[in-house]
Amino acid sequence: SKKTFIARVVILTAVLGGSALPAVADGAWSAGTHEVRKLVHGKHRSALVYVPRSVAKPAALVLVFHGGGGNAEGIRAQSDWDREADRHGFVVAYPRGYSPRDDAHKLLTWNAGSCCGAAVRDQSADVEFVGALISDLKTKLLIDPRRIYATGHSNGAQMSYRLACELSETIAAIGPIGGTKVLANCPQVRPVPFLHIHGTADPCSKFDGGSCGGCFQEFLHQAYFLPTRPSTWECDSVPSTIEEWRERYALPEKSVPVYRHGPVACESFGGKANPREIMFCMVEGMGHAYPGGKPTPLCEQRPGSRSCRIFTKVVGPSSSEIKPEPLLWDFFSRHPLVGKGSM
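The sequence shown maps to residues 620 to 962 in this note's numbering.
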């Protein structure tokens with residue numbers, strides 16, 4: 620029934636969403652969490668922004684994009700970007716994706732090209748939103764225009780790639796996790812260096828290519844019996860995708876091993892000093908879960924629940940053998956935007 624359907628959606632948004640964080644009024648840029656709201660193409664959009672107690676002046680900015688169906692609170696809770704910001708004195712922004720409901724905070728997607736969900740269906744102006752958010756933060760905080768970075772998981776990784784294509788003169792480097800480019804054209808003005816992290820057992824963004832996507836819909840169907848339509852696409856293997864980028868950036872064919880720890884193997888094309896560097900970290904046996912070993916907000920709130928078990932089954936295992944934030948910050952730190960002066 621309609622009432623049952625609505626009840627299930629309410630339960631779902633509660634378990635996926637994490638707890639709400641207090642907003643801080645614009646202009647009160649003390650240490651802590653701030654809520655930024657922007658009106659973009661008639662839609663109210665927002666982001667959480669974390670300012671550490673000790674912040675560099677000017678400060679780097681790291682944009683962290685949640686996956687499809689997720690939200691800013693979820694990726695913030697599951698990642699360690701706040702802690703990394705505390706250590707190194709940069710600002711972190713967690714933008715919220717698109718929903719047909721104005722200013723919604725849950726079940727959000729990004730228009731990364733051919734994925735995902737309502738954001739693609741409605742052709743949401745996500746690149747414009749990110750551009751407006753960056754401009755806003757530049758005016759309210761002393762942000763170093765040479766050190767603006769983007770990372771994200773799944774649909775958020777795809778969004779990072781889109782920004783590398785369409786905001787290449789603004790975004791210094793990106794760090795996609797568990798998602799590849801799904802944009803037909805890539806009008807880069809400059810080659811944006813990137814560090815890509817991917818699990819070999821990812822059933823959603825398949826390492827060996829084939830039929831990608833559809834995991835969130837499968838979870839909704841199995842866990843909550845919600846009617847869903849398959850949302851899959853044919854994807855190339857991750858190594859072949861990295862190879863395409865290597866050729867595009869005119870980097871040497873032979874990579875250099877730079878990190879090895881248990882199931883984690885990282886290689887660099889071009890080397891650490893190359894402004895076009897591509898670094899690729901393969902995690903043996905990791906699925907589509909965010910790396911680091913932390914539970915999803917759903918499993919943290921309802922450990923051992925049926926919905927948690929189904930979610931874990933659908934996306935596959937995480938890995939505690941890799942902590943992406945220190946690895947990505949190290950990569951970002953050596954790749955400022957060349958040719959832009961500090962504010």
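C-beta: ideal position from N, C-alpha, C; glycine also.
Is it buried or exposed, D722, if we count other Cβ atoms within 10 angstroms and call 16 or more buried? In summary, D722 is exposed, with fewer than 16 beta-carbon neighbours lying within 10 Å of its beta-carbon over all protein chains present.
By Cβ distance below 7 angstroms, which residues in the same chain neighbour A691 in space, the five residues on each side in sequence not counted? If we look at A691 and ignore the five residues flanking it on each side, its Cβ neighbours are A666, L667, H685, Y713, P714 and R715.
What residue from D755, A704, S924 and V749 has the CA that sits closest to G775's CA? It is V749 whose Cα lies nearest to the Cα of G775.
If you draw a straight line from the alpha carbon of C734 to that of K676, how long is it in whole angstroms? Using only the alpha carbons, I get a separation of about 37 angstroms.
Determine contact between the stretch 703-713 and the stretch 794-801, defined as no fewer than three beta-carbon pairs at a distance below 8 angstroms. No: the two stretches stay apart, fewer than three of their Cβ pairs being nearer than 8 angstroms.
Please state if the CB of D821 and the CB of G906 are separated by a distance shorter than 8 angstroms. Yes, Cβ-Cβ distance for G906 and D821 is below 8 angstroms.
Give the straight-line distance between the Cα atoms of L946 and V883, rounded to the nearest whole angstrom. Looking at the two C-alpha atoms, the distance is approximately 12 angstroms.
By the three-class DSSP mapping on this structure, what secondary structure does W948 have? Three-state result, W948: helix.
Residue from D763, D745 and S673 whose Cα sits closest to the Cα of H660: Out of D763, D745 and S673, D745 has the C-alpha closest to the C-alpha of H660.
Tell me whether D763 sits in a helix, a strand or coil according to DSSP, three-state version. Strand at D763.
Taking C-beta to C-beta, are W864 and I897 nearer than 8 angstroms? The Cβ-Cβ distance between W864 and I897 falls below 8 angstroms.
For M778, the three-state DSSP class (helix, strand or coil): Helix.
Taking the C-alpha atoms as reference points, what is the distance between L640 and A696? Because the pLDDT of L640 is 41, which lies under 50, any placement of that residue in the model is unreliable, and the question is left without a value.
How long is the line joining the alpha carbons of S830 and S856, rounded to whole angstroms? Roughly 10 angstroms separates the two Cα atoms.
Could you name each continuous beta strand (DSSP E) segment of 3 residues or more that falls completely within the stretch 643-717, going from the start of the chain to the end? List check, beta strand (DSSP E) in window: 651-659, 662-670, 678-684 and 710-714.
Under the three-state DSSP convention, the category P943 falls into: The three-state secondary structure of P943, taken from DSSP, is helix.
What do you reckon, are the CB atoms on S787 and V808 nearer than 8 angstroms? Taking the C-beta atoms as reference points, V808 is found nearer than 8 angstroms to S787.
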